[in-house]
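Protein chains: 2
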Amino acid sequence: MSLLIVGSVAFDTIETPTTSRDNILGGSATFASVAAAFFHPVQVVAVVGGDWEKSHTQRLEKRGIDVSGIEIVKDGKTFRWSGKYLENMNDRETLDTQLNVLGDFQPKLPDKFRRAKYVLLANGSTKTQHEVVDQLLGPELVIADTMNLWINIEHDELLRLMKRIDGLVLNDSEAKMLTGEANTVTAGRKLLTMGPKFVIVKKGEHGAFFFAEYETYIVPAFPTENLVDPTGAGDSFAGAMLGYIASVGNTDPETIKRSLAYGAIVAAAAVEGFSIEQLEQLNRDTVEQRMSEFRKMTSF
Amino acid sequence: MSLLIVGSVAFDTIETPTTSRDNILGGSATFASVAAAFFHPVQVVAVVGGDWEKSHTQRLEKRGIDVSGIEIVKDGKTFRWSGKYLENMNDRETLDTQLNVLGDFQPKLPDKFRRAKYVLLANGSTKTQHEVVDQLLGPELVIADTMNLWINIEHDELLRLMKRIDGLVLNDSEAKMLTGEANTVTAGRKLLTMGPKFVIVKKGEHGAFFFAEYETYIVPAFPTENLVDPTGAGDSFAGAMLGYIASVGNTDPETIKRSLAYGAIVAAAAVEGFSIEQLEQLNRDTVEQRMSEFRKMTSF
Numbered sequence: 001m002s003l004l005i006v007g008s009v010a011f012d013t014i015e016t017p018t019t020s021r022d023n024i025l026g027g028s029a030t031f032a033s034v035a036a037a038f039f040h041p042v043q044v045v046a047v048v049g050g051d052w053e054k055s056h057t058q059r060l061e062k063r064g065i066d067v068s069g070i071e072i073v074k075d076g077k078t079f080r081w082s083g084k085y086l087e088n089m090n091d092r093e094t095l096d097t098q099l100n101v102l103g104d105f106q107p108k109l110p111d112k113f114r115r116a117k118y119v120l121l122a123n124g125s126t127k128t129q130h131e132v133v134d135q136l137l138g139p140e141l142v143i144a145d146t147m148n149l150w151i152n153i154e155h156d157e158l159l160r161l162m163k164r165i166d167g168l169v170l171n172d173s174e175a176k177m178l179t180g181e182a183n184t185v186t187a188g189r190k191l192l193t194m195g196p197k198f199v200i201v202k203k204g205e206h207g208a209f210f211f212a213e214y215e216t217y218i219v220p221a222f223p224t225e226n227l228v229d230p231t232g233a234g235d236s237f238a239g240a241m242l243g244y245i246a247s248v249g250n251t252d253p254e255t256i257k258r259s260l261a262y263g264a265i266v267a268a269a270a271v272e273g274f275s276i277e278q279l280e281q282l283n284r285d286t287v288e289q290r291m292s293e294f295r296k297m298t299s300f
Numbered sequence: 301m302s303l304l305i306v307g308s309v310a311f312d313t314i315e316t317p318t319t320s321r322d323n324i325l326g327g328s329a330t331f332a333s334v335a336a337a338f339f340h341p342v343q344v345v346a347v348v349g350g351d352w353e354k355s356h357t358q359r360l361e362k363r364g365i366d367v368s369g370i371e372i373v374k375d376g377k378t379f380r381w382s383g384k385y386l387e388n389m390n391d392r393e394t395l396d397t398q399l400n401v402l403g404d405f406q407p408k409l410p411d412k413f414r415r416a417k418y419v420l421l422a423n424g425s426t427k428t429q430h431e432v433v434d435q436l437l438g439p440e441l442v443i444a445d446t447m448n449l450w451i452n453i454e455h456d457e458l459l460r461l462m463k464r465i466d467g468l469v470l471n472d473s474e475a476k477m478l479t480g481e482a483n484t485v486t487a488g489r490k491l492l493t494m495g496p497k498f499v500i501v502k503k504g505e506h507g508a509f510f511f512a513e514y515e516t517y518i519v520p521a522f523p524t525e526n527l528v529d530p531t532g533a534g535d536s537f538a539g540a541m542l543g544y545i546a547s548v549g550n551t552d553p554e555t556i557k558r559s560l561a562y563g564a565i566v567a568a569a570a571v572e573g574f575s576i577e578q579l580e581q582l583n584r585d586t587v588e589q590r591m592s593e594f595r596k597m598t599s600f
């Protein structure tokens with residue numbers, strides 16, 4: 001069952017209270033693809049510039065990612081984002097954003113990708129997410145990840161997208177912003193009435209909620225003492241979730257609950273290093289080992 | 301296996317963004333006792349003033365609580381606390397505190413209470429908590445609940461208490477304050493090195509962590525859309541936890557994990573009403589029903 005991820009590839013410059021790193025591999029499609037690839041082969045669609053090097057391609061291929069859908073715009077530059085995390089490592093300031101080739105990105109899905117059964121519209125412009133849905137031929141599950149930026153500047157497009165997808169992923173403050181509700185559970189349930197079959201509300205270091213008409217699931221975050229760089233945690237969560245679902249090939253309640261736990265585990269690994277560096281240290285076996293620990297911590 | 305709870309009984313005046321209530325039954329021992337009594341008979345020790353009415357006694361007795369240890373100081377007044385919850389229902393301001401008879405409280409445990417096997421030192425002065433420990437004869441498990449006030453004004457007594465108890469309960473900001481650590485997991489583990497066999501870090505609407513030398517457990521909060529008054533949530537959590545442990549009669553890992561889940565369920569019920577009003581609507585059967593739902597929401 002093929003798995004397609006469409007989103008951004010970026011070069012990030014990150015400052016944390018203790019250290020900083022320049023031009024490291026980032027972007028929603030990058031984190032989501034590497035996270036999903038623990039569980040299932042991944043097809044990725046994104047755009048990069050002439051500054052994209054062969055070593056980047058190889059790095060993704062090494063994780064089992066089909067990069068033939070990464071469009072290289074030779075005379076353009078890859079999207080760049082620069083941010084600074086505050087002392088609490090939760091709040092961050094954007095220092096600089098250069099959209100570059102991402103600004104004109106119009107995803108063209110190769111024919112073989114259009115029949116993907118499992119699709120993640122990783123964080124990115126809602127308009128781009130619509131363009132992907134337009135090209136899909138009979139997907140079984142489409143999940144879209146969004147954020148405050150798109151809620152603000154593409155509000156109507158987002159409301160329209162919510163009626164075209166199966167699952168919406170966003171964080172708790174965004175769920176509250178989009179619904180005007182102060183209670184996270186109330187906000188999540190209200191979003192359900194706006195189109196999607198299920199809604200996942202991420203709560204950062206506090207885990208996530210899953211809301212569907214007849215089900216509510218809760219997954220705590222996998223605990224870590226080694227928070228290096230929170231960038232990409234949400235993308236990794238969504239990627240791991242969809243990767244696991246694709247590997248099982250169904251969306252039964254037990255599969256969904258397990259996918260949330262895998263999402264939590266891979267997201268925790270992502271924040272233990274800059275870029276995808278810590279994810280590259282893991283494989284399916286080490287993920288399964290953490291899964292056993294997680295089950296022991298949470299089952300009652 | 302007898303269960304003893306020592307703490308405060310109060311008359312609370314509460315303002316929330318939508319409503320307010322005057323002189324309602326509150327206090328750490330009140331919430332903890334009512335919560336524990338879902339699972340096991342409770343012996344409570346506290347002090348009240350001449351304004352304490354027979355109807356209050358009856359209200360607690362009706363829940364299966366032995367109130368013979370509530371000392372009535374005829375010419376004094378019961379402890380009064382007045383607080384205001386802000387728009388987010390998490391932060392609160394104390395408007396007024398009248399310690400009254402609580403200020404001179406020196407708990408005298410009736411002989412039959414001194415041999416209690418399970419003891420909760422509900423939130424209250426650390427000095428008082430020490431006086432209770434002084435009087436115990438061979439308890440199997442002593443848990444102390446504390447808060448920022450005591451960390452600030454009875455810091456050394458608290459450090460000393462931590463070496464005399466089995467379990468410490470406090471919230472995440474308090475754990476960070478007491479250890480100087482910014483990461484909740486790191487703070488919890490550091491507290492373990494300061495005396496107690498286990499540490500429970502409450503995270504309000506995000507659940508709780510349990511740390512012991514070889515175990516870490518995580519329990520999410522039981523989701524509620526009906527947050528009426530957060531007062532007493534932490535007391536109810538600790539009370540339900542110890543009540544369940546006493547009912548089982550051991551502190552095996554599985555018992556502890558289940559006790560955390562019961563704590564989360566009863567705490568969620570406590571916040572769905574003012575005072576103990578919502579807890580009074582429940583019984584063990586309704587608690588078990590929520591337990592089944594909770595397991596379904598969280599198991600993977």
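Here the protein sequences line up with chains C and X, keeping their order. Our numbering puts the first residue of the first sequence at 1, with every later residue one more than the last. Our numbering puts the first residue of the second sequence at 301, with every later residue one more than the last. By construction, the Cβ of each residue, glycine as well, lies at the ideal position given by its N, Cα and C atoms. All values reported here derive from a predicted model rather than from experimental measurement.
### Query
What number of angstroms, rounded off, separates the C-alpha of X/Ser547 from the C-alpha of X/Ser333?
14 Å
### Where C/Leu260 meets chain X, residues with beta-carbon distance less than 9 Å
Phe600
### Task
Could you tell me whether the Cβ of C/Ile200 comes closer than 8 Å to any Cβ of chain X?
Contact of C/Ile200 with chain X is not assigned, every C-beta pair being separated by 8 Å or more.
### Task
Starting from X/Phe509, trace the beta strand (DSSP E) both ways and give me its first and last residue.
508-512
### Task
Confirm, please, whether the CB-CB distance from C/Leu121 to C/Ile153 is below 8 Å.
no
### Delimiting residues of the alpha helix (DSSP H) encompassing C/Leu192
184-192
### Task
Indicate whether the contact test is met: 3 or more Cβ pairs, each with one atom in the stretch 106-113 of chain C and one in the stretch 42-50 of chain C, closer than 8 Å.
yes
### Query
Where do the ends of the alpha helix (DSSP H) carrying X/Leu441 lie?
Careful: X/Leu441 lies outside any alpha helix (DSSP H), inside the beta strand (DSSP E) at 441-445.
### Query
Who are the neighbours of C/Ile218 on chain X, taking C-beta pairs under 7 Å?
Pro520, Pro523, Met597, Thr598
### Query
Apart from the five residues on each side of it in sequence, which residues of its chain come closer than 7 Å, Cβ to Cβ, to C/Ile276?
The beta carbon of C/Ile276 sits closer than 7 Å to the beta carbons of Leu25, Thr30, Phe31, Val34 from its chain, once the five residues preceding and following it are set aside; these are given in chain order.
#### Entry: C/Ser292 classed as buried or exposed, judged by whether at least 16 other C-beta atoms fall within 10 angstroms
exposed
### Entirely enclosed beta strand (DSSP E) segments - the stretch 382-448 of chain X, minimum 3 residues
If we require 3 residues or more, the beta strand (DSSP E) runs fully inside the stretch 382-448 of chain X come out as 392-398, 418-421, 441-445.
### Message
On the CB-based measure, 16 or more other CB atoms within 10 Å of its CB, does X/Asp312 come out buried or exposed?
### Response
buried
### Query
Shortest alpha-carbon distance to X/Val587 belongs to which of X/Leu470, X/Val373, X/Phe574, X/Ala336?
X/Ala336
### Proximal chain C residues relative to X/Lys503, where beta-carbon distance stays under 8 Å
Within 8 Å Cβ-Cβ: His206.
### Message
Taking the straight line between their C-alpha atoms, what separation do you get for C/Leu260 and C/Ala233?
### Response
13 Å
### Query
Based on Cα-Cα distance, which residue from X/Leu527, X/Leu437, X/Met301, X/Leu402 lies nearest to X/Gly424?
X/Leu402
### Message
Quick check: the stretch 509-517 of chain X against the stretch 487-498 of chain X, are at least 3 beta-carbon pairs closer than 8 Å?
### Response
The stretch 509-517 of chain X and the stretch 487-498 of chain X touch, with three or more beta-carbon pairs separated by less than 8 Å.
### Query
Are three or more beta carbon pairs between the stretch 45-56 of chain C and the stretch 72-91 of chain C nearer than 8 Å?
yes
### Query
In this structure, does DSSP put C/Val46 in helix, strand or coil?
A small correction: the amino acid at residue 46 of chain C is Ala; Val does not occupy that position in the sequence shown. Correct three-state label for C/Ala46: strand.
### Query
Would you say X/Asp404 touches the ligand ATP, meaning its beta carbon is less than 7 Å from a heavy atom?
Looking at this structure, you won't find the ligand ATP or any other ligand, since it has none at all.
#### Entry: Contact check, C/Val266 vs C/Phe237, beta carbons under 8 Å
yes
### Message
To the nearest angstrom, how far is the alpha carbon of C/Pro230 from that of C/Ile14?
### Response
Approximately 10 Å, taken between the alpha carbons.
### Message
Less than 6 Å between C-beta atoms, sequence neighbours within five positions excluded: which residues of the same chain meet that for X/Lys463?
### Response
Gly495
### Query
How about C/Pro220 and C/Thr298: are their beta carbons less than 8 Å apart?
In this structure, C/Thr298 lies closer than 8 Å to C/Pro220 by Cβ.
### Query
Given that C/Thr302 touches chain X, what residues does it touch there, using C-beta distances under 9 Å?
No answer is possible for residue 302 of chain C: it lies beyond the span of chain C, which begins at 1 and ends at 300.
### Message
Distance cutoff 8 Å, beta carbons only. Does X/Lys557 sit that close to anything in chain C?
### Response
yes
### Message
Is the separation between the beta-carbon of X/Ala416 and that of X/Leu304 shorter than 8 Å?
### Response
yes
### Task
With a 10 Å radius around its C-beta and 16 neighbouring C-beta atoms as the bar for buried, classify C/Ala269 as buried or exposed.
buried
### Message
Given this structure, state the Cα-to-Cα distance separating C/Ile256 from X/His506, to the nearest angstrom.
### Response
21 Å
### Query
Between the C-alpha atoms of C/Leu161 and C/Val6, what's the straight-line distance to the nearest angstrom?
15 Å
### Query
Who are the neighbours of X/Asn483 on chain C, taking C-beta pairs under 7 Å?
Glu225, Leu227
### Message
Under 9 Å, CB to CB, which of the residues in the stretch 66-87 of chain C have a partner in chain X?
### Response
Glu87
### Query
Is the Cβ-Cβ distance between C/Asp134 and C/Asp235 less than 8 Å?
no
### Task
Put C/Ala37 into one of helix, strand or coil per three-state DSSP.
coil
### Query
Rounded to the nearest angstrom, how far is the Cβ of C/Ser208 from that of C/Val199, given a contact under 8 Å?
Checking the sequence shown, residue 208 of chain C turns out to be Ala, not Ser. C/Ala208 to C/Val199, Cβ: 10 Å. No contact.
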